[in-house]
Every structure is written in structure tokens, then in C-alpha cells.
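Report on one structure; see the data block that follows.
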Amino acid sequence: MKNELFVGIEIGGTKLQIVSGNANGQVLSSHRFEVITAEGATGIQNRIEAVIQESYKGRIAAVGIGFGGPVNRITGQIATSFHVEGWSGFPIKDWLEVISGCPVAVDNDANVAALGEATFGAGKGLNPVLYVTLGSGVGAGLIIDDQIYHGITPGELEIGHLKMDKSGAIFESRCSGWAVDGKIREVISMQPAGKLAKLAAGQHRGEAVVLKAAMDANDPAAIDIFNETMDDLAFGLSHAIHLLHPEVVVLGGGLSLIGQELRNAVAEKLPSYLMKAFVPPPVITLSSLKEQAVPVGSIILASQLFNQR
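The number in this note's numbering is simply the position in the sequence shown, starting from 1, with 7 added.
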């Protein structure tokens, strides 16, 4: 492989990232957009097409896509999106191959982020690597022997849909960024003059970004939200660890940007939910690629596709 240029695309519930890079995972250029949910899938498709046509057409060897939801990686069709309407059944692989003029690989965004972290990030040199993304929803990817583990198609580790109790509450309804947004809005409705309300003033969504600042100010409501969320996170992770027993669990996504406080809380709470034979638990660490995990993983996915030709 010489100096081939690859494009990696992250399609999430709140953001769209389009980057170019090489097989070493180096990002050479990047474009980032906020996802406007009212525009649906069409709005995202229009932005992707515009960037490819204006910046990369005729220059790229392959494209990798990390999509925020289940996909059929064989046919390249989107199964569904849990956050943006209009994606169900969309043939994204065929569509983008026509636009870009090169081969396209598509996979779930958590799988792709896991590939990035296992190859060039916090999971490098460890095996297996379980990556858990705490973003709009909660997803996971498992890397075994440097390869994405896939179940039958669509094959994702939909950890966010694990039931947390018999009432039907699922993991991501307790631990996702959107779940934390909802918890903060509930507090604001009851404490309109409180610290969270002041910090989130003018924030129309994504209130979770103010949680750390409120915690740093010793706001009791913020600390309660954090502790409750971390306890649920440790409980949910315990199920995956019992089944998969990874060497490392890498925590990524927007909520993980809280940092070491989040990592430490999970590591502290996790042993109480594990069978004694699994204590001490796997290494718990934060994503080192952070918001570049999916774009970098998408570049790797594209380079793997190119090498298979």
C-alpha cells in the first residue's frame, strides 16, 4: 500500500464527521457538522455528498462508514436508526459508491470505534477489547484478535438494549448522554434557580455537557445524577463482562469526556456486581482517541477493504 487516501465517515445521532487519512490512522483533513434531526436522513446524505464532491472526488481509494445503529455490513444497507428518521432500509454502500467512485465498507459505529481503539488507541496491545460508547445512545464493539466480532447480520453488540430490570428499562435509558440530559431537565424543572439550571441556560439539548461543571461546583443534584448513572453503568457493564471477559473495557463517547472521575467511579463500583472469580475486573480505561475513535476506525475499515481487493 503506497500513499492511498481513505475517507472515514461517522454518522451519529448528534454529529456527522467526515475525515480523510492514511492506513496508519493519521487524520489529514476533517469536516464536522451538527445533525439536524428535523432534516432526517436526507439532510445528512446531502452533506456527505457535498463534501465528497467538493473535497475528495477522484482522490480516494476507499471509504469506511461507522453508522449509529444496526446495519447489514454484507449488503451495505441500514437496518434502522434509533435517533434520526429516514434511514431504515437505505442502501448506503451502493449510494456512496456511485458518488465517490470507489469501494465502500459500512459497519456499526461502535464496532468501528472499537477497531480504532484496539488498533491505535487505548486498547492497543490488549485482547479482547470491549469498547463501550456513551453517546446519544449506548453501544459497544468487541475486537478479538484484531478483528471486529460480528454475530449474524445485522451483527452488533447492542449493549444499550440490555434490560436493566423486568420493567423493560434498558441500559441506554439509564446511562446515555440523552438519558443524562433528561435527568438534568427534570432537576431544572424542580429547581429553576439551581446550579444546573444556570449552567444549562440557553442549552436546547445536550444538557449533559454541564454535568461536570456542576459537579465541580459541588452541586448536590449533579452529584446525585452522576452517582446514579455510574452505578447503573457499572451494573450494565457487569453483564457484558460476565459473558465476554475482555482484557480491557474502553469507555468512549461524549459522556466519557467527564474524564477520570467517570472511569474511577465505574472501576470502584464494578467489583460489587461481578462474581468473585472475575475480581479484579478487566482494566477500565477511557478512550484515547476520544471523538476521533469512529473516524479513525472508519479509515482503518476502508484500508482493510482496499487490502482485500
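Glycine residues also receive a C-beta, built at the ideal position from the N, C-alpha and C atoms.
Under the three-state DSSP convention, the category residue i falls into
i	result
S88	coil
T292	strand
L12	coil
R80	coil
V301	helix
A361	There is simply no residue 361 to check, as the chain begins at 8 and stops at 316 in what is shown.
I43	coil
G50	helix
G28	strand
E275	helix
A68	coil
G93	coil
E17	strand
G146	strand
G123	helix
G260	coil
Q267	helix
R316	coil
G108	coil
Length of the line joining the Cα atoms of residue i and residue j
i	j	result
T140	Q299	12 Å
G266	L293	7 Å
G260	K297	7 Å
P278	A117	25 Å
A215	S183	9 Å
Q24	L244	28 Å
V58	R39	10 Å
G144	D114	16 Å
M237	E268	10 Å
S37	M282	44 Å
I230	D172	24 Å
I16	A186	25 Å
H157	H211	37 Å
N134	S196	45 Å
V34	G73	15 Å
V194	A309	44 Å
S27	I150	23 Å
G123	A200	42 Å
E92	I18	13 Å
Q60	F13	14 Å
A325	V136	The first residue shown for the chain is 8 and the last is 316, placing residue 325 beyond what the model contains.
L312	V256	26 Å
N79	I43	24 Å
H90	G20	5 Å
V119	V301	6 Å
D101	A272	44 Å
Residues that residue i bridges to, as DSSP identifies them
i	result
D101	According to DSSP, D101 bridges with nothing at all.
D114	G73
K283	For K283, which the question treats as bridged, DSSP gives no partner whatsoever.
K22	E41
V58	According to DSSP, which records beta bridges pairwise, V58 is partnered with nothing at all.
S36	S27
I151	Q154
L137	L149 and V256
Own chain partners of residue i with C-beta closer than 7 Å, once the 5 adjacent residues on each side are dropped
i	result
P98	G83 and Q84
R270	L258, I291, T292 and L293
P288	I248, L277, P278 and L281
K190	I232
A274	I291
A204	I195 and Q198
Own chain partners of residue i with C-beta closer than 6 Å, once the 5 adjacent residues on each side are dropped
i	result
A207	E214 and V217
A147	A117, V139, L164 and I166
E11	A68
H168	I177
G142	G184, G260 and G261
K219	I265
E56	I106
Own chain, CB closer than 8 Å to residue i, minus 5 neighbours either side, in chain order
i	result
R316	P110
H249	L281, M282 and F285
I202	It is Lys, not Ile, that sits at residue 202 in the sequence shown. Taken in chain order, the residues that qualify are A221, A224, D226, A228 and A229.
D239	M171, F178, R181 and C182
> Could you give the uninterrupted runs of the alpha helix (DSSP H) lying entirely in the segment 194-247, keeping only those of 4 residues or more?
Replying inline: 202-206 and 218-223, all fully within the segment 194-247.
>> Just to confirm the assignment: which complete beta strand (DSSP E) runs, minimum length 3, are found wholly within the segment 153-186?
In response: Counting only runs of at least 3 residues, the segment 153-186 fully encloses no beta strand (DSSP E) element at all.
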